[in-house]
Structures are given as C-alpha cells and as structure tokens.
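Trainee: Quick one: this structure, given as structure tokens, is what I'll be asking you about.
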Amino acid sequence: MPQMTTKAIYPGTFDPITKGHIDLAERASQLFDEVVIAISASPSKQPLFDINERLEMAQISLSHIDNISVAGFDGLLIECVRTAQAQVVLRGLRAVSDFEYEFQLAAMNRRLDPTVETMFLTPSENYTFLSASMVKEIASLGGDVSQFLHPQINKRLADRLGR
Ligand code: ADP
0 MPQMTTKAIY
10 PGTFDPITKG
20 HIDLAERASQ
30 LFDEVVIAIS
40 ASPSKQPLFD
50 INERLEMAQI
60 SLSHIDNISV
70 AGFDGLLIEC
80 VRTAQAQVVL
90 RGLRAVSDFE
100 YEFQLAAMNR
110 RLDPTVETMF
120 LTPSENYTFL
130 SASMVKEIAS
140 LGGDVSQFLH
150 PQINKRLADR
160 LGR
C-alpha cells in the first residue's frame, strides 16, 4: 500500500496573520506532512488588507517553516479541502467563546463531506487572548502591537493605518 501523506488545511481570513496564527501553524507543521494556510477572500468581512496582501504577509510570516504553503480561496472551504486532497481542517480554539462557532462550523463541514475531519489546536497561553481584529483596533488607536506580529507585518499595518 502506498504511504499515506497527511495534509491539513488551516483556513481563515488572516487579516493580518498574527503570532497566534503562526504559533498554530508551527504546531501543525510538527503533526502533518503538509499544511496549507488557506486564506479566504471574505469580502463580507471587509478586510483591511486585500487577498494578495494577506497571502504575501502569510508567506513572509511562515517562511521559516518548510512544510507549509499558502493559498487563497473564494469558494466553499470543503471544496478547497477536496481540491487539495487534504484529510483535515485545522482550526484554533482560544477560549470557550470560540467553541460555539467552531463546533457549528465543524458539524456543517462534516455534513458537507463526512470524510473530512476537523481538528483543533490551542496556542501558547501568551496568545490565547490574541485576535487579528483586536490587533487592528489597538493599532488604529495608536497602541503598540509589535509583540503580536512579524516585524514586517507590523510595519505594513502601521503604513496602512497611516501611523
Ligand atoms: P476566521 O475569520 O475564519 O475566524 P481568522 O483568521 O480570524 O479567521 O482565524 C483563523 C483560525 O485561527 C480560527 O480557527 C481562529 O480560531 C484561529 N486563531 C486566530 N487567532 C488565534 C490565536 N491567537 N491563537 C490560536 N488560534 C487562533
């Protein structure tokens, strides 16, 4: 029998990618042969950075990890998983507040394709409170968010916010 390669898709908006996302990606890279960061176009969320900027920022932030690639998608997540021939959808759980939405998403994806499993990882406790939306809010109010982002991403965020 051919050796099976394990492949996980880590989907999200990544607007922009934070050290919480990076922490999760590093953990996943130890568990799976291949990890794909799948960045959703998410026009309804009115992202601060367009899809190409978010792809580039993820590539910069994850360049130290060999078995990770970055891709964009604008359709159904489960289609993206099928196209990539991945077995697992990976999501992060920070606090109980994430649970309800994540549980619903996992159940819906299982209905759409029962062969795909959703797996959850928790970040280092330094990042359990960290979200991209909080980072944007603090930065827009003039706060220092450099400890939460790759230095180049911190610069891009400051430039975008005109700071
Ligand atoms: P979405 O808009 O799909 O929630 P995000 O880019 O905000 O996309 O998050 C993608 C995934 O990464 C989600 O599963 C989210 O719970 C997880 N995540 C976000 N921030 C962190 C963090 N600080 N630690 C761990 N997981 C996180």
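To convert, note that position 49 of the sequence shown is 48 in numbering that gives the first Met the number 0; the numbers rise steadily by one, no gaps. Virtual Cβ for every residue (Gly too), placed ideally from N, Cα, C. These figures come from a predicted structure and were not determined experimentally.
1. With hydrogens ignored, establish whether the beta-carbon of aspartate 112 is closer than 7 angstroms to any heavy atom of ligand 1.
2. Is any heavy atom in ligand 1 found nearer than 7 angstroms to the beta carbon of threonine 12?
3. Is there at least one non-hydrogen atom of ligand 1 closer than 7 angstroms to the beta-carbon of proline 46?
4. The alpha helix (DSSP H) spanning isoleucine 59 covers which residue range?
5. Give every residue of the same chain whose Cβ lies closer than 7 angstroms to the Cβ of serine 60, excluding the five residues on either side of it in the sequence, and list them in chain order.
6. When the distance is taken between beta carbons, is valine 88 closer than 8 angstroms to proline 10?
7. Excluding the 5 residues preceding and the 5 following threonine 5 in the sequence, name in chain order all residues of the same chain whose CB lies nearer than 6 angstroms to its CB.
Mentor: Let me lay it out:
1. The closest heavy atom of ligand 1 lies 7 angstroms or more from the beta carbon of aspartate 112.
2. Threonine 12: yes, Cβ under 7 angstroms from ligand 1.
3. No - ligand 1 has no heavy atom lying nearer than 7 angstroms to the Cβ of proline 46.
4. Counted as a single uninterrupted DSSP element, the alpha helix (DSSP H) harbouring isoleucine 59 occupies residues 50 to 60.
5. When the five nearest sequence neighbours on each side are left out, the beta carbons in the same chain lying within less than 7 angstroms of the beta carbon of serine 60 are those of Ile16, Ile21, His149, Ile152, in order along the chain.
6. Contact flag set, yes.
7. The residues are Phe31, Asp32.
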